[in-house]
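Notes follow once the structure below has been shown.
In the working numbering, the protein residues as written are -14 to 493.
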């Protein structure tokens, strides 16, 4: 039996245990159900579309059971799943599709029109047809097909690039396996655990924070198409969920609802928080509700569950991401590559079986990120205290996080420069009460141009996902530069802070 085929094992061990529940309707799928359906789906994908191991399957849709079935079919048959970000603008999606070159593109009805213009060569299939494909399978499974190897790719997850183009992190089977092992060891997962998933599948968190570890360990996931704070809170009590997780914005949205006061959350063992640091008042709000907070840290290229803070230290070590997980090696180094002493800032390097082998068809980016000793250079600046607790203190790169979404200024700037009336543009991340951080664009208009903040944002929305569109727009006669001619973004941050409540250049 294939060692990469988790569903086949769990269908033997606990065939009647619930693997997945579609939260909007309550329809449930046992491990036997998912195993049998994905076996048939893999077979019909081979027969109908000629798919072989290594062929890419792109999906443009919100979370769905069909999306999970395609993942499990890929896990069994060696296909490569490529979830596409539904929030991207058509030009961004066209780039991703051209880069991954899918053999089949599945799109839900909501995105069918967009999908028609993405790739004329791929088979375009409605996502809603997955069940019909399962029923039309020519055989009951994939007997005689070679099993995927641990180092074979299973997914490509795109992450924005500092040069303005997304990069496809290759996720082989071994990354998911070792991420699951790390997660189980640090979070004490069992087959009796029950949690939800409302994180989008184009994010590593949607698959690898709890869904794939749960599939590996025989636990139960309640799947939502998107995040609904009230519904998740009610589900905690109605279905006795044992673990909550999300970015701080999600936990703040839950804490701000009337439902938060109405539910007991007695069954919840803890909440996992990642993506960015959780503010102390919000940690205390959840702690007072009886839900300990476990701050974590990870990234697409390194399995996602890389660090975890024990709940006992949520307040004592507030702001810390805790310790590295079991099968993760760490180094904190200076600009010369030398390890730094405790309480000294350095760049975080990670190594281990959870590290990606590289970026899809991008050897230059791969070489820049992973050195010859196998260390992944995260670009994150951290400090380690005397007790070994890690703290993220900044980012070597300019990426900022808005509501859990990574935003790279270079990508936003590239889009702004497409406007004929923009002579110069610089984007920085600035604090935001709701989203943690948001974008501020500093614009030098072309000579004689009559440009407004609203016009800048309208232009950006045509090229970028909404979370990348700058919330704030400032107009300058010139951008501050140093003697090398490089734009001084630190000076822009100071200028923004000095503006205080000045809003006249911000769109409403």
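Think of the CB as a built atom: it goes at the ideal place given N, C-alpha and C, for glycine as much as any other residue.
Could you tell me the boundaries of the beta strand (DSSP E) in which residue i lies?
i: residue 39; result: Counting along the chain, residue 39 falls outside any beta strand (DSSP E), and DSSP gives it neither H nor E.
i: residue 303; result: Note, residue 303: premise wrong, no beta strand (DSSP E); not H, not E.
i: residue 365; result: 361 to 369
i: residue 429; result: 421 to 430
i: residue 179; result: 179 to 182
i: residue 3; result: 3 to 7
i: residue 230; result: 228 to 231
i: residue 176; result: Segment: none, residue 176 is in no beta strand (DSSP E) and carries neither H nor E.
i: residue 252; result: Element bounds for residue 252: n/a, residue is neither H nor E.
i: residue 497; result: What is shown of the chain runs -14 to 493, which leaves residue 497 out entirely.
If you follow the alpha helix (DSSP H) that residue i is part of, which residue opens it and which one closes it?
i: residue 165; result: 158 to 172
i: residue 481; result: 474 to 484
i: residue 199; result: 196 to 202
i: residue 192; result: 189 to 193
i: residue -9; result: -9 to -2
i: residue 218; result: 214 to 223
i: residue 498; result: The question about residue 498 has no answer here: the residues shown for the chain are numbered -14 through 493.
i: residue 186; result: Premise fails: residue 186 is in no alpha helix (DSSP H) and is neither H nor E.
Take residue i as the anchor and find which of the options has the nearest alpha-carbon.
i: residue 97; options: 113, 86 and 87; result: 113
i: residue 328; options: 370, 310, 143 and 194; result: 370
i: residue 388; options: 131, 215 and 259; result: 259
i: residue 69; options: 118, 153, 130 and 4; result: 153
i: residue 72; options: 48, 322 and 365; result: 48
i: residue 310; options: 299, 280 and 319; result: 280
i: residue 410; options: 40, 222 and 396; result: 396
i: residue 17; options: 11, 8, 4 and 346; result: 4
i: residue 168; options: 197, 2, 191 and 181; result: 197
i: residue 0; options: 75, 8 and 176; result: 176
i: residue 62; options: 101, 40 and 394; result: 40
i: residue 282; options: 251, 233 and 276; result: 233
i: residue 252; options: 178, 118, 399 and 425; result: 178
i: residue 274; options: 460, 245, 181 and 401; result: 245
i: residue 301; options: 265, 350 and 450; result: 265
i: residue 400; options: 376, 428 and 420; result: 428
i: residue 10; options: 452, 340, 417 and 208; result: 208
Which whole-angstrom value is the C-beta distance of residue i and residue j, which I expect to be below 8 Å?
i: residue 505; j: residue 78; result: Here the chain covers residues -14 to 493 and nothing more, so residue 505 does not appear.
i: residue 296; j: residue 268; result: Going by Cβ atoms, the distance from residue 296 to residue 268 rounds to 10 Å, so no, they are not a contact pair.
i: residue 293; j: residue 374; result: No, residue 293 and residue 374 are not in contact; Cβ-Cβ is about 11 Å, not under 8 Å.
i: residue 42; j: residue 59; result: 6 Å
i: residue 286; j: residue 186; result: Their Cβ separation, rounded to whole angstroms, is 17 Å, which puts residue 286 and residue 186 out of contact at 8 Å.
i: residue 156; j: residue 138; result: 7 Å
i: residue 199; j: residue 206; result: 5 Å
i: residue 368; j: residue 330; result: 5 Å
i: residue 257; j: residue 228; result: 7 Å
i: residue 50; j: residue 14; result: 7 Å
i: residue 316; j: residue 334; result: 4 Å
i: residue 408; j: residue 431; result: 5 Å
i: residue 412; j: residue 465; result: At roughly 14 Å, the Cβ-Cβ gap does not stay under 8 Å, so residue 412 and residue 465 are not in contact.
i: residue 271; j: residue 236; result: 7 Å
i: residue 220; j: residue 181; result: 6 Å
May I ask you to report which of helix, strand or coil DSSP gives residue i?
i: residue 208; result: strand
i: residue 334; result: strand
i: residue 470; result: Because the pLDDT of residue 470 is 49, which lies under 50, any placement of that residue in the model is unreliable, and the number read from its coordinates should be weighed accordingly. Here residue 470 sits in coil by DSSP.
i: residue 459; result: strand
i: residue 487; result: In this predicted model, residue 487 has a pLDDT of only 45, less than 50, meaning its place in the structure is not dependable; the value taken from the coordinates is given anyway. Three-state DSSP puts residue 487 in coil, outside helix and strand.
i: residue 108; result: strand
i: residue 237; result: helix
i: residue 262; result: coil
i: residue 329; result: coil
i: residue 398; result: helix
i: residue 142; result: strand
i: residue 392; result: strand
i: residue 437; result: coil
i: residue 77; result: helix
i: residue 403; result: coil
i: residue 324; result: strand
i: residue 118; result: helix
i: residue 448; result: helix
i: residue 126; result: With a pLDDT of 48 at residue 126, under the threshold of 50, the modelled position of that residue is not reliable, and the figure given next carries that caveat. It is coil, neither helix nor strand.
i: residue 148; result: Any reading at residue 148 is ruled out, since the residue's pLDDT is 49, under 50, leaving its predicted position unreliable.
i: residue 246; result: helix
i: residue 82; result: helix
i: residue 96; result: helix
i: residue 409; result: strand
Can you list, in chain order, the stretches of the alpha helix (DSSP H) that have 4 or more residues and sit fully within the stretch 265 to 318? 265 to 273
Within the stretch 12 to 66, ranges of the beta strand (DSSP E) (whole runs, at least 3 residues): 12 to 15 and 41 to 45
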